[in-house]
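**Student:** Residue numbers (our numbering), protein chains in the order written: chain F, 1270 to 1641; chain C, 1270 to 1641.
1. Which parts of the stretch 1490-1516 of chain F are runs of the beta strand (DSSP E), unbroken and 3 residues or longer, counting only runs that do not cross its ends?
2. Using alpha carbons as the reference points, say which of C:1320, C:1336, C:1337 lies closest to residue 1329 (chain C).
3. For residue 1529 (chain C), return the contacting residues in chain F, with the cut-off set at a CB-CB distance below 7 Å.
4. Can you list, in chain order, the residues of its chain whose CB lies under 6 Å from that of residue 1534 (chain F), leaving out five sequence neighbours each side?
5. For residue 1330 (chain C), which three-state DSSP category applies?
6. Taking CB distances under 8 Å as the criterion, tell me whether residue 1459 (chain C) reaches chain F.
7. Around the Cβ of residue 1531 (chain C), are there at least 16 other Cβ atoms within 10 angstroms (buried) or fewer (exposed)?
8. Could you have a look at residue 1575 (chain C) and say whether DSSP puts it in helix, strand or coil?
9. Is there a Cβ of chain F sitting closer than 8 Å to that of residue 1519 (chain C), yes or no?
10. Helix, strand or coil: which one does DSSP assign to residue 1485 (chain F)?
11. Below 8 Å, how does it come out for the stretch 1511-1522 of chain F and the stretch 1397-1407 of chain F: are there three or more Cβ pairs, yes or no?
12. For residue 1686 (chain C) versus residue 1392 (chain C), is the C-beta spacing smaller than 8 Å?
13. Note down the Cα distance separating residue 1410 (chain F) from residue 1552 (chain F), rounded to an integer number of angstroms.
14. Contact defined as beta carbons within less than 8 Å: I believe residue 1365 (chain C) pairs with residue 1491 (chain C). What is the distance between those atoms, to the nearest angstrom?
15. CB residue 1397 (chain C) to CB residue 1426 (chain C), shorter than 8 Å?
16. Do residue 1472 (chain C) and residue 1447 (chain C) have their CB atoms nearer than 8 Å?
17. Here's the rule I'm using: 16 or more other beta-carbon atoms within 10 Å means buried, otherwise exposed. How should residue 1308 (chain F) be labelled?
18. Apart from the five residues on each side of it in sequence, which residues of its chain come closer than 7 Å, Cβ to Cβ, to residue 1537 (chain C)?
19. For residue 1481 (chain C), is the classification buried or exposed, using 16 other Cβ atoms within 10 angstroms of its Cβ as the cut-off for buried?
20. Starting from residue 1609 (chain F), trace the alpha helix (DSSP H) in both directions and tell me its first and last residue.
21. Would you say residue 1643 (chain C) reaches chain F, if we count a Cβ-Cβ gap shorter than 8 Å as a contact?
22. Chain F beta carbons: is any one of them nearer than 8 Å to that of residue 1246 (chain C)?
23. Just reading off the alpha helix (DSSP H) that residue 1525 (chain F) is part of, what are its end residues?
24. At the level of alpha carbons, what is the spacing between residue 1286 (chain F) and residue 1302 (chain F)?
25. What does residue 1543 (chain C) touch in chain F if you count any residue whose Cβ is under 9 Å from its own?
26. Taking Cβ positions, are residue 1498 (chain F) and residue 1524 (chain F) nearer each other than 8 Å?
27. Does residue 1404 (chain C) have its Cβ less than 8 Å from a Cβ in chain F?
28. Please classify residue 1558 (chain C): does DSSP put it in a helix, a strand, or coil?
29. With 8 Å set as the bound, which would you pick, yes or no: does the beta-carbon of residue 1489 (chain F) sit closer than that to a beta-carbon of chain C?
30. By Cβ distance, which residues of its chain are closer than 6 Å to residue 1384 (chain C), with the 5 residues on each side in sequence left out?
31. Here's a check: name, in chain order, each residue in its chain whose Cβ is nearer than 7 Å to the Cβ of residue 1435 (chain F), leaving out the five neighbours to either side.
32. To the nearest angstrom, how far is it from the Cα of residue 1256 (chain C) to the Cα of residue 1489 (chain C)?
33. Pull up the distance between the alpha-carbon of residue 1637 (chain C) and that of residue 1442 (chain F), whole angstroms please.
34. For residue 1548 (chain C), which beta-bridge partners are listed by DSSP?
35. Determine the direct distance from the alpha carbon of residue 1565 (chain C) to that of residue 1332 (chain C), and round the result to whole angstroms.
36. Taking only beta-carbon positions, decide if residue 1540 (chain C) is within less than 8 Å of chain F.
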């Protein structure tokens, strides 16, 4: 199935159901996908949620988002000119839709056209040097002229320099909070300029959500996930941009880094990335040449609805206890768990889903799971 | 045959003969090796030189260095405390001896012990930045502490910074001119400090030879050839240090480069080297880790005396004309020439040697030859 050519459009009722599901307790993007795979529709999943959580050993029933709250959120989004889009809908960045943990509903503000074009992320330190800011601007301008939409995080420093230079050709800001909670606040004007120039802003968080520290790494996966690759311009050791680079690598995106003097601490992170295999960038053509072959490949959605068993298998006898027993605080590969459990993959997945909805399971990406 | 373990010592007569041979017209390091391979001794080669050149079509007889001139040079070297050493003798850098075009006699001044230790070259622009000079010093100091002798070209900028920081642990200056023609002249003092601290200087040029522009690239092959690898610190596009890096790669030496900002023209060359596969260096351990596996491998001399046919085959009938006819101004691979000539390799080599001694053949390295 090719995500790019299969443009779907949700009905109002289905959008409400999906919004209720993703806004319910213990349902993240991965659990959402498991539930959709199992039940085939958000409506059926919502109906079965309390029972599954109880079987997973939930101490108390998790909150399920009711229809009224979902309708209220949707109405507020409309007033704020934010569309809540599902993967596969026009305006949902096609590459973002290919992620295992793609947001089930993405808040999109601005021109959706910009979100359907090839994107490249430019990120870097907030405390950037003059040379770093200048280079980011040059690179964003040249990549924009070559047809790429510039993606970044609207932060101070490198992010804003890349956005500003990308305004003319189209740029997308990825937010860590709700669309009405811009961080840093002084960049509201920059965001307005981005939107006015046929750019866009995206967020998976509800309106009113104030961004907290832990929301930024989570947001960073959207920056890399929506893009063909990530260019890191100036990053000290252990900086946030390196998290974006790591996520990009995990997502199979290209990682690019701009070199700097070994005596410049702001280049320590980017030089390290190059040592680890990132492509060295001194000009836009370095990025373009590396991405050309990738752009020619068709996109693939992860296993979608209907590709898995449509209904959950009911664990029999001691199967559930046996699977829970194999789990612990140390992450284990799902594949190993299935082999060791001596039951069917579908039963293991069902038990994991129950544990997840009971708030007892953590998914780590790369197919790793652990008990909380 | 392991060059490191086979330490030879020439007799005085053999050293005089070899000096005469390498100081004769149209005899470079490669021709010298061919002649030694063919005739087994410098004495026999000297005797046959006029006849070979005549057969190669020399318009007039090339000058052959006479014994008196050779003795005079050797005596001057002694007064200047310069030893003329052959590959395999103690004090001749073992890795340098493995080159196809290793100097048949190398002028060595200073402490020969330093020339037998593992070497690393540090080179870069004469017009270096403060950061570049500082980094070169740090790197040379740390590599020196790790047991490496620092090799460089005694130039202004990066070279002198590396030499200065390498004095404490041992450093070797590779000269483009004779030992009594130091360039730049203001570095005579630096060279004296290097020698006084158990370092050394090497040159393949006779005393009194004033270095010309074309001597520097030729000298650069000795910098890389004597070393396990070459670190390039700051180099603009098309700078001399890049020639050293290219020679290092051709010689199978490791190439290292120090990154810099894309906006710094002095980093353009080094960033390019990294794009082409050079190892990025921000600290000494980057160099050390890359060299460790190489240092464990035994050294191999190129095919030495006695490995080839001891006497030249005499070309018969039209063989010589046929081979000359296959040659032209466009370089051709020796192997291709042998195949196309339809004669024995030994006959082709003999004809090439004759042409070389007649001043009509150019050898390009990589087994390529052309008519001049």
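Backbone N, C-alpha and C define an ideal beta-carbon position, used for all residues, glycine too.
On a predicted model such as this, the values are computed, not experimentally measured, just so you know.
**Tutor:** According to the structure data:
1. 1498-1502
2. Taking the second chain and counting its residues from 1, the one referred to as residue 1329 (chain C) is at position 60. Taking only the C-alpha atoms, the option nearest residue 1329 (chain C) is C:1320.
3. Locating residue 1529 (chain C) in the second chain gives position 260, counting from the first residue. The contacting residues are 1528, 1529, 1530.
4. The count along the first chain starts at 1 and reaches residue 1534 (chain F) at position 265. Result list for residue 1534 (chain F): 1505, in chain order.
5. Stepping through the second chain from its first residue, residue 1330 (chain C) is reached at position 61. Residue 1330 (chain C) falls in the coil class under three-state DSSP.
6. Locating residue 1459 (chain C) in the second chain gives position 190, counting from the first residue. With 8 Å as the cut-off, residue 1459 (chain C) does not count as an interface residue toward chain F.
7. By one-based count along the second chain, residue 1531 (chain C) stands at place 262. Here residue 1531 (chain C) is buried: its Cβ has 16 or more other Cβ atoms, across all protein chains shown, within 10 Å.
8. The residue given as residue 1575 (chain C) occupies position 306 in the second chain. At residue 1575 (chain C) the pLDDT is 41, less than 50, meaning the model places this residue with poor confidence and gives no usable figure here.
9. To locate residue 1519 (chain C), count along the second chain from 1; it is residue 250. So no, residue 1519 (chain C) is outside the interface.
10. The residue labelled residue 1485 (chain F) in the question sits at position 216 within the first chain. Three-state result, residue 1485 (chain F): helix.
11. Here the stretch 1511-1522 of chain F makes no contact with the stretch 1397-1407 of chain F; the two share fewer than three CB pairs at distances below 8 Å.
12. This structure cannot speak to residue 1686 (chain C), because chain C is shown only from 1270 to 1641.
13. Taking the first chain and counting its residues from 1, one reaches residue 1410 (chain F) at position 141. Taking the first chain and counting its residues from 1, one reaches residue 1552 (chain F) at position 283. Taking the straight line from one Cα to the other gives about 11 Å.
14. The residue you call residue 1365 (chain C) lines up with position 96 of the second chain. The residue you call residue 1491 (chain C) lines up with position 222 of the second chain. Yes, residue 1365 (chain C) and residue 1491 (chain C) are in contact; Cβ-Cβ is about 6 Å, under 8 Å.
15. Residue 1397 (chain C) sits at position 128 when you count from the first residue of the second chain. Residue 1426 (chain C) sits at position 157 when you count from the first residue of the second chain. For residue 1397 (chain C) and residue 1426 (chain C), yes; Cβs fall inside 8 Å.
16. For the purposes of this step, residue 1472 (chain C) is taken as the residue at position 203 of the second chain. For the purposes of this step, residue 1447 (chain C) is taken as the residue at position 178 of the second chain. Yes, the pair counts as a contact, with Cβ atoms nearer than the cut-off.
17. Indexing the first chain from 1 puts residue 1308 (chain F) at position 39. Buried, by the Cβ-count rule.
18. Start at 1 with the first residue of the second chain, and residue 1537 (chain C) comes out as number 268. If we look at residue 1537 (chain C) and ignore the five residues flanking it on each side, its Cβ neighbours are 1505, 1506.
19. Translated into positions along the second chain, residue 1481 (chain C) becomes position 212. Per the 10 Å Cβ criterion, exposed.
20. Your numbering for residue 1609 (chain F) matches position 340 in the first chain. Run containing residue 1609 (chain F): 1603-1610, per the alpha helix (DSSP H) assignment.
21. Outside the displayed range of chain C (1270 to 1641) lies residue 1643 (chain C), so it cannot be described from this structure.
22. In the structure as shown, chain C starts at 1270 and stops at 1641, and residue 1246 (chain C) therefore has no counterpart that could be examined.
23. Locating residue 1525 (chain F) in the first chain gives position 256, where the first residue counts as 1. Careful: residue 1525 (chain F) lies outside any alpha helix (DSSP H), inside the beta strand (DSSP E) at 1523-1526.
24. Residue 1286 (chain F) sits at position 17 when you count from the first residue of the first chain. Residue 1302 (chain F) sits at position 33 when you count from the first residue of the first chain. Rounded to whole angstroms, residue 1286 (chain F) to residue 1302 (chain F) spans 14 Å at the Cα level.
25. By 1-based counting over the second chain, the position of residue 1543 (chain C) is 274. Per Cβ cutoff of 9 Å: 1528, 1543, 1549.
26. The sequence position of residue 1498 (chain F) within the first chain is 229, counting from 1. The sequence position of residue 1524 (chain F) within the first chain is 255, counting from 1. For residue 1498 (chain F) and residue 1524 (chain F), yes; Cβs fall inside 8 Å.
27. Counted from its first residue, the second chain places residue 1404 (chain C) at position 135. So yes, residue 1404 (chain C) belongs to the interface.
28. As a first step, residue 1558 (chain C) must be located in the second chain, where it is residue number 289. In this structure, residue 1558 (chain C) counts as helix in the three-state DSSP scheme.
29. Numbered from its first residue, the first chain carries residue 1489 (chain F) at position 220. Not an interface residue.
30. Counted from its first residue, the second chain places residue 1384 (chain C) at position 115. 1360, 1362, 1469, listed in sequence order.
31. As a working note, residue 1435 (chain F) is residue 166 in the first chain. 1409, 1413, 1419, listed in sequence order.
32. Residue 1256 (chain C) lies beyond the stretch modelled for chain C, which goes from 1270 to 1641, so this question has no answer here.
33. For the purposes of this step, residue 1637 (chain C) is taken as the residue at position 368 of the second chain. For the purposes of this step, residue 1442 (chain F) is taken as the residue at position 173 of the first chain. In a straight line, the C-alpha of residue 1637 (chain C) is about 57 Å away from that of residue 1442 (chain F).
34. By 1-based counting over the second chain, the position of residue 1548 (chain C) is 279. Per DSSP, the beta bridge partners of residue 1548 (chain C) are C:1525.
35. Counting from one through the second chain, the residue named residue 1332 (chain C) turns up at place 63. Counting from one through the second chain, the residue named residue 1565 (chain C) turns up at place 296. Roughly 45 Å separates the two Cα atoms.
36. The residue labelled residue 1540 (chain C) in the question sits at position 271 within the second chain. For residue 1540 (chain C), the answer is yes, since a Cβ of chain F falls inside 8 Å of its Cβ.
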